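Residue numbers (our numbering): -5 to 210.
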């Protein structure tokens, strides 16, 4: 890696770390039992003041300590700041709304028009170009997630992203005339926990996980 690339990577990591530190501090001010009720993330108290949450993100079960907000995956400490920030924002903002099974488009969300360019690049195009020539891998990944196969586009699935948060992905593969296209829909309850900016970042989390799951 060249010095400029190293500097860019360090700056990107620092930028991702700051929101995590901010929301980590907010966690200590919340009632952990209320968080568990609103999010569906089980809470295991060790005593009156300390405990840990269990969070299922695409079959990865994170342990999140309370009140200090330290993340573990199996026994390893986690430093994936985007994922950790997403989960902490879920803890803070979820309203307890259960999945409805009905979907909405990104533009239906307040602020969706403003952030659509980011959503299109980070989610739609990235998903389309990642899996248009690896549909077998996509099927393998979705099978591991026990996703619901749908009859939309060329390939489509509804899968659980986070405890009570479900996404629907639709893929149209490339042909001789057209590039690949994708659509990502959200269960109606998603905006009760995440805003448009959060939802535009979700592709940075779920697409790499799908790529990993697509491998043998």
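Even glycine gets a Cβ: it sits at the ideal position worked out from N, Cα and C.
Here the structure is a predicted model, which means the values were calculated and not measured.
| query | result |
| --- | --- |
| Straight-line gap, residue 134 to residue 72 (C-alpha atoms, nearest Å) | 26 Å |
| Three-state class that DSSP yields for residue 0 in the structure shown | Any answer about residue 0 is weak, because its pLDDT of 45 lies below 50 and its placement is not dependable; what the coordinates show is given next. Residue state, collapsed to three classes: helix. |
| Option in 169, 181 and 174 with minimal Cα separation from residue 153 | 181 |
| Identity of the residue in 150, 136 and 37 nearest residue 177 by Cα | 150 |
| Sequence-distant residues of the same chain with beta carbon closer than 7 Å to residue 33, five excluded per side | 84, 85, 88, 157 and 158 |
| Buried/exposed call for residue 109, threshold 16 Cβ in 10 Å | buried |
| Residue from 111, 126, 202 and 138 with nearest C-alpha to residue 169 | 126 |
| Distance CB(residue 128)-CB(residue 208) smaller than 8 Å | yes |
| Cβ neighbour criterion (16 or more within 10 Å) applied to residue 16 | exposed |
| Paired residues, beta bridge with residue 140 - DSSP | Residue 140 is not bridged to any residue. |
| Any alpha helix (DSSP H) of 4 or more consecutive residues that is wholly inside the region 115 to 190 | 120 to 125 and 129 to 138 |
| Helix, strand or coil at residue 195 [DSSP, three-state] | helix |
| Three-way DSSP call (helix, strand, coil) for residue 27 in this model | helix |
| With 16 other Cβ atoms within 10 Å as the buried cut-off, status of residue 184 | buried |
| For residue 78 and residue 14, believed in contact at Cβ under 8 Å, the rounded distance | 5 Å |
| Assigned exposure category for residue 44 - 16 Cβ within 10 Å defines buried | exposed |
| Alpha-carbon spacing of residue 50 relative to residue 136, whole angstroms | 16 Å |
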